[in-house]
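Chains as they are written, first to last, in the UniProt record's numbering: chain E, 1 to 453; chain Y, 1 to 453; chain X, 1 to 453.
Take a look at the structure below.
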Amino acid sequence: FPGSLRVRLPVLILVLEVLLLLLFSLFVTYDEHAHALAQTNATDHMKNEVYRVYPFFADVQVMIFIGFACLLAFMRLYGFGGVVFNFLTATFSVQWAIIIQGFCHFYHDGKIHIGVFNFINAEFACAVVLISFGAVLGKTSPVQLLIMALLEIPIFAVTDWLIVTYLKINDAGGSIVIHIFACYFGLGVTRMLYRPSLNDGHANLTTSYQSDILSVLGTLFLWVFWPSFNSALTLPGDDQHRAIIHTFIGLSSSTLTAFALSALLDKKGKLSMSDIQNVTLAGGVTVGATVDMMVTPACAFALGVVGCCACMLGYKYLTPFMATKLKIQDQCGIHNLHGLTGLISTLAAIIAILMANEDTYGLKLQSVFPDIQPGEGRSASQQAIYQVAALGLALATSVLGGLLTGAILKLPFLSQPTDDYCFDDRVYFEVPNDFDAASTPPGPPADNLQELP
Amino acid sequence: FPGSLRVRLPVLILVLEVLLLLLFSLFVTYDEHAHALAQTNATDHMKNEVYRVYPFFADVQVMIFIGFACLLAFMRLYGFGGVVFNFLTATFSVQWAIIIQGFCHFYHDGKIHIGVFNFINAEFACAVVLISFGAVLGKTSPVQLLIMALLEIPIFAVTDWLIVTYLKINDAGGSIVIHIFACYFGLGVTRMLYRPSLNDGHANLTTSYQSDILSVLGTLFLWVFWPSFNSALTLPGDDQHRAIIHTFIGLSSSTLTAFALSALLDKKGKLSMSDIQNVTLAGGVTVGATVDMMVTPACAFALGVVGCCACMLGYKYLTPFMATKLKIQDQCGIHNLHGLTGLISTLAAIIAILMANEDTYGLKLQSVFPDIQPGEGRSASQQAIYQVAALGLALATSVLGGLLTGAILKLPFLSQPTDDYCFDDRVYFEVPNDFDAASTPPGPPADNLQELP
Amino acid sequence: FPGSLRVRLPVLILVLEVLLLLLFSLFVTYDEHAHALAQTNATDHMKNEVYRVYPFFADVQVMIFIGFACLLAFMRLYGFGGVVFNFLTATFSVQWAIIIQGFCHFYHDGKIHIGVFNFINAEFACAVVLISFGAVLGKTSPVQLLIMALLEIPIFAVTDWLIVTYLKINDAGGSIVIHIFACYFGLGVTRMLYRPSLNDGHANLTTSYQSDILSVLGTLFLWVFWPSFNSALTLPGDDQHRAIIHTFIGLSSSTLTAFALSALLDKKGKLSMSDIQNVTLAGGVTVGATVDMMVTPACAFALGVVGCCACMLGYKYLTPFMATKLKIQDQCGIHNLHGLTGLISTLAAIIAILMANEDTYGLKLQSVFPDIQPGEGRSASQQAIYQVAALGLALATSVLGGLLTGAILKLPFLSQPTDDYCFDDRVYFEVPNDFDAASTPPGPPADNLQELP
């Protein structure tokens, strides 16, 4: 069977591990918070950066390895694939990002200096890959996913480095750098992997009672720890505090809105689990670019509502349109949850920057205009232009990078499943005996109530 | 179909969101830990309150949105309802509580000043609503649940404010303020929503193998983070330390006891999952009112055992009696897990207060007698009387509030399900094809062993 | 039915609880971080040890009560047993360890002084019991499991005390003290409980689609929080920081390796869920004994790869050999995941110690040679010998203790299930109606693809 991983996956992983081990051996050492020689008896060991960073790192870990895993396991016959390929892709992505980002940000004296702080940055790069993964879920082999990560991480890292180093924008939650980049990269990949037959639907594209519950639990893990995600890289103190407040409020308002729209847009007035699983999270992205600014809690609430509406309408109308007309088959609708919301967040940040002033920020104004210094400070309008430039750069590199990566993923021998075998765990996994039962659902849809006594 | 949410849920949520947005816009601003203007270059940003409060907030978040969700998903055909309606109710309750509690506790200079600290308080108010929710699980529509939260939060907040401001009692774990109030409010509501036919049982009132496992995982999430819940609002330092110690020990002893009683009270000598899911948690409530006092670890252990016994006997004998004789149908048995245990905890606190003295507490004695000050200090017996007064107040407002709320929930057009459609996800959700399989369990109970080889 | 718990479990638990309550009453008091009298107004309450220790304790709690629970629930008909017996055994083990370790380490002035720090130590003792539990999963009654914990905790505590007090070895992650001891103790027990018929397989020894997913989620919880486990008891500061770094890198490299080997060693080139569930974690143990040393990140990466290979080959070839030839039936393959990896880790630590010098560690060298002091300091080779001595001691006490415990568990009246009733929840639990469906899987293995269109 062409999809067999027997030779290809081990060979690819072996190559990647030798590469990683080589790079770790040659270039990676501890940073001053993790190196014994950097310590003196005078050190107050509890001042070590690890104590400030690790709690946020642990929360993001739960999001990446458990939240994403469960959320992606929503398909009736692709639960193993959702959880396990997320595990594989994430694990490689983080290690690879530690190296690549290391050369960009933490390289001096011929060494990459690492600590837990690097790990958080690497997990953000990993989140980028997993978001893009959502566009091709069930249509790609683990071999393809590893190659996608191999290519996406460097393209992302360089884009991120350019934005952080030269453009110095406000984007604490990563709405531009993470979500928009990840979304359009993923769309580029799935555009190249276009499968005409899937536009007629696919027998495996349904959920089960258990998979729907598992998936919404993934949503809840992401929901609960999203404030840690959006605040992990802000300035400590009130900035980080605001990031937590805004994320929580934005998520809450988008959740309420999602319930309302889900019932409203369903002809029977029933709630759809896929709306609950995805649209409720829109607010977390929408507040991202302004998450640490003085935008008021009410504004965070409003952003959650607006982002949720855009996301919901996207799922309803834009995703089908893109699949049929633009040949962009966005499996998990990442364009709705990460793209549209990211664009709204970018716009909100520009407005917030134009309105920022000393009366609101006092001495903290420089956190809005990072470059502000005697002589070379930026004006609000200048900063706004930098934000737009960052958006343009992210869009350009992600689309081009995605298309290029997609083209490479079409190479033969990457174990890509044929159309019939999409969204099917049997292709890549030994499955238990009851898989058949799962694969043959009993009869027609069950949600007609007259069946009841 | 009368249960349709198509118009009612969106309209209600729209109204609530407009209300929330209006109140946020007019009254909500940042507190000094989250406001940029309150910061100076001199500030040590790591001293920001957020670093003390956020870890406990995150733990409570997991309990509210994941622990409760899984625990409530124990029914075979109501897994979506358990997880998703918990999500909706909790999300609205927290936002609503931020406003209402804000006016009670954090309102000055014409503004409600918020930070993560407010969020913890709001999550406690949210826990109150979710506990009450347990009494009417599966018998109420999301419209009714939102209206219940809309009414319960203010009644709770005012009761809480009166107790904290004037009675100044010892109740760090909220056994009186949270658990007893939530329990009797919920019983009041379910009394008004009495459904005679349900006393003859209901076809949907069974569990499935998967729903039992999911539910016990919810128990474990609550169990693991309960120490954070009971210690989140204590004084920092040794008080908080004791709260963690006592909660962990109390939960452990009640868990061991629950296993013993579950096997003992079953005629076949088998363990019942519903006992493991609920009764094991009794200790967390029972230690609540004395959780930060110098009651000795042995006392926490004993409280866990006593609370567990009361809880177990309540499930076995009191719940059926209340359903048939008092017309109080307590779906999840909240009276056993939160009511009886809360009363025991209240009594324990009174005894602990009467025994408190300088020899045990030293300078910390004032944490037991909050009002202690030159001239107007309280004696132990006075403090004990205040505890009783708080109990009486909580009982009165919760029962009356619950009955009133229940009466309002009986209004037409709130999409309340008819008896036949109780505990059935099909009423409010698009369900997957395999729901039928779930809804028609194969044959008779399976736990007779002669069926085995 | 002989397996009935009706009398035996309640009686045993009653005895254990009376014992615990007695010991708590007579000997347990608060340590200086939890005792009110130890506080003065001058105290900075945030300096209380609880704030340094509790976050790590909470993470380990999730591993013990949720991670282990899910991982052990991989069997189709033993999901209740996996989750619930883990809950019971863990709860008793922690309480029992608080007492026993208390007498070993925290006993002075006639009292055991406890705080959250004791709880972390107790959870490690608990992890030891749960690892041993893996060897006899599904073949032992809860009565037997409690007696196993009752005996294993003291034997472990004394071994641990001897090693910590006199041998003073480097083993921050507990590869020797925890994993090797737990593994060989468990093998000793299962050797005594040898069941010849099980070597011909057992009808219940299969997984289901849901149980495989649940189990891998347990793996992910363990994976995510393992860095907290390995770093919880290191020196604060850079040592703890390195422990986190090494654990994360070691887990990542072993995860990648596990995917490669799983596909390579399967004749169809498919991934096996049991490999993903178990072998991915090998790196966490393998880095354990050197986890806080200056071994370089590359070394942690290499250790993860080596440990994973040993673990995978162990599952493939050693476990069957031990079951048939040595009459050691290792149900969960703990010898692969904890034994082989622990031995590799021990060897790595010896090499790392022999290579340790001032140029690498500077003033921190004493953390490698704990006893280093004017006059009586140890040399590297001396320290290496102590490591070997600790390994020998752990092996001796665990094997002997395990065999002794196993012999005692064979006593009658401990509700041990007969061969037919192994791995079957019906023996000890009231099961829901759909259990039959679960217990009769539809037809033959389903992973042949020609069945698809």
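Using N, Cα and C, we set each Cβ at its ideal position, and we do this for glycine too.
Residue 113 of chain Y is not a Cβ neighbour of residue 237 of chain E, given a cutoff of 7 Å. According to DSSP, residue 114 of chain X shares a beta bridge with X/30. Going by C-alpha positions, residue 24 of chain X is about 10 Å away from residue 17 of chain X.
Within the stretch 211-288 of chain X, complete alpha helix (DSSP H) segments of at least 4 residues are found at 238-264, 273-278 and 282-286, given in chain order.
A check of alpha carbon separations from residue 173 of chain E across E/118, E/271 and E/285 identifies E/285 as the nearest.
Each residue's CA atom was taken as its position, placing residue 222 of chain Y and residue 253 of chain Y some 16 Å apart.
About 6 Å separates the beta carbons of residue 131 of chain E and residue 334 of chain E, which is inside the 8 Å limit, making them a contact pair. The alpha-carbon of residue 57 of chain E is positioned some 44 Å away from that of residue 327 of chain X. With distances taken between CA atoms, residue 197 of chain E lies nearest to E/419 out of E/426, E/419, E/423 and E/350. Taking 7 Å as the CB threshold, residue 108 of chain Y stays off the interface with chain E. Any Cβ of chain Y closer than 7 Å to the Cβ of residue 6 of chain X would place that residue at the interface, and such an atom is present.
Burial of residue 48 of chain X is indicated by the presence of at least 16 other C-beta atoms within 10 angstroms of its C-beta. Taken in chain order, the members of the stretch 281-299 of chain X whose beta-carbon sits within less than 8 Å of a beta-carbon on chain E are 294, 296, 297 and 298. Within chain X, no C-beta atom comes nearer than 9 Å to that of residue 64 of chain Y; the closest sits roughly 16 Å away. The C-beta of residue 242 of chain X comes closer than 7 Å to at least one C-beta of chain E. If only uninterrupted alpha helix (DSSP H) runs of at least 4 residues are considered, those enclosed by the stretch 142-166 of chain Y are 142-162. Of all residues in the stretch 85-114 of chain E, those with a C-beta nearer than 8 Å to a C-beta of chain X are 87, 88, 91, 92, 94, 95 and 114, reading in chain order. Neighbours of residue 25 of chain E across chain X, judged by C-beta separation under 8 Å: 296 and 298. With the criterion set as a beta carbon lying under 9 Å from some beta carbon of chain X, the members of the stretch 36-55 of chain E are 36, 37, 38, 39, 40, 41, 43, 44, 45, 46, 47, 48, 49, 50, 51, 54 and 55, in sequence order. Listed in chain order, the non-local C-beta contacts of residue 179 of chain X below 6 Å within the same chain comprise 285, 338 and 342, local neighbours out to five positions each way being set aside. In the three-state DSSP reduction, residue 54 of chain Y falls in the helix class (H, G or I). For residue 297 of chain X, the enclosing alpha helix (DSSP H) stretches over residues 297-313. Residue nearest to residue 348 of chain X within the set X/289, X/320 and X/336 is X/289 (criterion: CA-CA distance).
Collapsing the DSSP output to three states places residue 184 of chain Y in a helix. Beta-bridge partners of residue 107 of chain E (DSSP): E/112. Counting along the chain, the unbroken alpha helix (DSSP H) around residue 325 of chain E starts and ends at 319-325. DSSP places residue 74 of chain Y in the coil class of the three-state scheme, outside both helix and strand. Those residues of the stretch 193-211 of chain X placed with their C-beta closer than 7 Å to a C-beta in chain E are 206, 207, 208, 209 and 210, ordered along the chain. Residue range 380-409 is occupied by the alpha helix (DSSP H) that includes residue 387 of chain Y. Nearest to residue 27 of chain Y by C-alpha distance, out of E/108, E/296, E/354 and E/306, is E/296. In the DSSP assignment, the residues bridged to residue 429 of chain Y are E/271. Any Cβ of chain X closer than 7 Å to the Cβ of residue 256 of chain E would place that residue at the interface, and such an atom is absent.
Distance from the CA of residue 89 of chain E to the CA of residue 10 of chain E, rounded to the nearest whole angstrom, comes to 14 Å.
In the structure shown, the three-state DSSP call for residue 6 of chain X is coil. Straight through space, the alpha carbons of residue 224 of chain E and residue 72 of chain E are spaced by roughly 17 Å.
Of E/428, E/415, E/416 and E/407, the smallest CA-CA separation from residue 191 of chain E is found for E/407.
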